[in-house]
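Asks:
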Amino acid sequence: MPNLVEIRDLHFSYDERSILSTLNMDFPRGKVIAVMGGSGSGKTTVLRLIGGQLQPQSGEVTVDGQIVNAMDTKALYQMRRKMGMLFQHGALFTDMSVFDNVAFPLREHTNLSEELIRDLVLMKLHTVGLRNAAQLKPAEISGGMARRVALARTIALDPQLIMYDEPFAGLDPISMGMTANLIRKLNDALGSTTILVSHDVHESFLIADYVYFLSGGKVVAQGRPAEMMVSTDPYVKQFVNAEPDGPVPFHYPGTTLADDLGLGARA
Ligand SMILES: Nc1ncnc2c1ncn2[C@@H]1O[C@H](COP(=O)(O)OP(=O)(O)OP(=O)(O)O)[C@@H](O)[C@H]1O
1186 MPNLVEIRDL HFSYDERSIL STLNMDFPRG KVIAVMGGSG SGKTTVLRLI GGQLQPQSGE
1246 VTVDGQIVNA MDTKALYQMR RKMGMLFQHG ALFTDMSVFD NVAFPLREHT NLSEELIRDL
1306 VLMKLHTVGL RNAAQLKPAE ISGGMARRVA LARTIALDPQ LIMYDEPFAG LDPISMGMTA
1366 NLIRKLNDAL GSTTILVSHD VHESFLIADY VYFLSGGKVV AQGRPAEMMV STDPYVKQFV
1426 NAEPDGPVPF HYPGTTLADD LGLGARA
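Mind the numbering: the sequence shown is residues 1186 to 1452 in the working numbering, read in order.
#1: Whether or not the region 1386-1393 and the region 1410-1425 are in contact is what I'm after, with contact meaning three or more pairs of Cβ atoms, one per stretch, closer than 8 Å; do they touch?
#2: Roughly how many angstroms lie between the CA atoms of Asp1357 and Gly1329, to the nearest whole one?
#3: How is Thr1258 classed by DSSP in three states: helix, strand or coil?
#4: Quick one: what's Arg1193 bridged to in DSSP?
#5: How would you call Glu1191, buried or exposed, if buried means at least 16 neighbouring beta carbons within 10 angstroms?
#6: Where are the alpha helix (DSSP H) runs, 4 residues long or more, that stay fully inside the region 1314-1390, in chain order?
#7: Considering Cα atoms alone, identify which of Glu1428, Phe1398, Leu1446 and Asn1366 is closest to Leu1208.
#8: Going by CA-CA distance only, name the one from Gly1355, Ala1354, Val1231 and Tyr1395 that's closest to Arg1369.
#9: Within its chain, find whatever has a CB closer than 8 Å to the CB of Gln1273; leave out the 5 residues flanking it on each side and keep chain order.
#10: Using alpha carbons as the reference points, say which of Val1287, Pro1419, Val1404 and Ser1416 lies closest to Ile1204.
#11: Could you name the residues of the same chain whose beta carbon sits closer than 7 Å to that of Pro1241, not counting the 5 residues immediately before and after it, in chain order?
#12: Which value, in whole angstroms, describes the spacing of the CA atoms of Lys1309 and Arg1333?
#13: Which of helix, strand or coil does DSSP assign to Thr1207?
#14: What is the DSSP secondary structure of Met1186, counted as helix, strand or coil?
#15: Measuring only the C-alpha atoms, how far is Arg1265 from Asp1445?
#16: What's the call for Ile1380, buried or exposed, on a 16-neighbour Cβ count within 10 Å?
#17: Verify the contact flag: Gly1439, CB atom, against every heavy atom of ligand 1, threshold strictly below 7 Å.
#18: Between Pro1187 and Arg1292, what straight-line distance do the alpha-carbon atoms span, to the nearest angstrom?
#19: Keeping to the same chain, check which residues put their C-beta closer than 8 Å to that of Val1386; ignore five residues upstream and five downstream.
#20: What do you reckon, are the CB atoms on Thr1378 and Leu1346 nearer than 8 Å?
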């Protein structure tokens, strides 16, 4: 099967409010796939459906040939061991050293000896350039370094699938570029598949093989970054050029201001 993850005809709503509808997405093995879109377009929801934290009302999410939304708790737990997830504001444990933060998933999910864990942690920290910071506490390192430690922790168990939610948020341009390069490097070194949720066009296009644009809970555009750069699609253009005006909605959906002010058409 060429795709590690597939989403088919998926509908998801919170109570009455539809968030995703008729969603179809493919995430080919070994690739870095960016999922982009405006605030509230459903990007994080897609990640949570793939991780099995949310259940769709209809449709399917398949990971490595298995239907996630049909799994029992035990199967879900096993599947999540094959996934690394770095969620928005995925903070480090502040009372633990850098070393212990990265060791945490290994201690939690494996029976490996402390000696082996030590070597694995040092190798992961080496990959993100922070082996020599192993004994520092999160408060003693910069925000960009903390993000790299979080990356090392995410890949501690050599996941088949790595999901990042806004990994560039709050980083300075240099740390952003470094993080982006690392995301690509880690994917290729581990032979994983990466799903990257981000607003950041420049960094995402630099490292992604394929890009999906979501709006209003649907895929409105998709293709390779080079194709997206020259796309004439109004959504894509607004995103790529960071234009404030365009089809990407600014307002949270609901009643109009005129309605709220009692100025709507009266019978
Ligand atoms: N627990 C919840 N209960 C009800 N509605 C929710 C809940 N979580 C998210 N939503 C709504 O679902 C929609 C999609 O949210 P989601 O977090 O997937 O968007 P997003 O594209 O990741 O946005 P952002 O880029 O701002 O993080 C939003 O309109 C949000 O208000």
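Think of the CB as a built atom: it goes at the ideal place given N, C-alpha and C, for glycine as much as any other residue.
Replies: Well, looking at it:
#1: Result yes; three or more Cβ-Cβ pairs closer than 8 Å.
#2: The alpha-carbon of Asp1357 is positioned some 8 Å away from that of Gly1329.
#3: Correct three-state label for Thr1258: helix.
#4: In the DSSP secondary-structure assignment, Arg1193 is bridged to Glu1245.
#5: Taking a 10 Å sphere around the C-beta of Glu1191, we find 16 or more other C-beta atoms and assign the residue as buried.
#6: As for any alpha helix (DSSP H) of minimum length 4 sitting wholly inside the region 1314-1390, the runs are 1328-1339 and 1358-1375, ordered along the chain.
#7: Nearest option by C-alpha distance: Phe1398.
#8: The shortest C-alpha to C-alpha distance from Arg1369 to any of Gly1355, Ala1354, Val1231 and Tyr1395 is the one to Tyr1395.
#9: Once the five neighbours on either side are set aside, the close Cβ partners of Gln1273 are Thr1229, Asp1350, Glu1351 and Ala1354.
#10: By alpha-carbon distance to Ile1204, the top candidate from Val1287, Pro1419, Val1404 and Ser1416 is Val1404.
#11: In chain order, Leu1195, His1196, Phe1197, Leu1234 and Asn1254 place their CB closer than 7 Å to the CB of Pro1241, counting only its own chain and leaving out the 5 sequence neighbours on each side.
#12: Approximately 10 Å between the Cα atoms of the pair.
#13: Shown here, Thr1207 sits in a strand according to DSSP, grouped into three states.
#14: Note: Met1186 maps to coil in three-state DSSP.
#15: Their backbone Cα atoms lie some 44 Å apart in a straight line.
#16: Ile1380 should be labelled buried.
#17: Incorrect: Gly1439 has no Cβ contact closer than 7 Å to ligand 1.
#18: Between the alpha carbons of Pro1187 and Arg1292 lies a distance of about 32 Å.
#19: Counting only residues of its own chain and dropping the five nearest sequence neighbours on each side, Val1386 has a CB closer than 8 Å to the CB of Met1221, Phe1424, Val1425 and Ala1427.
#20: Annotated as proximal: Thr1378 and Leu1346, with beta-carbon spacing under 8 Å.
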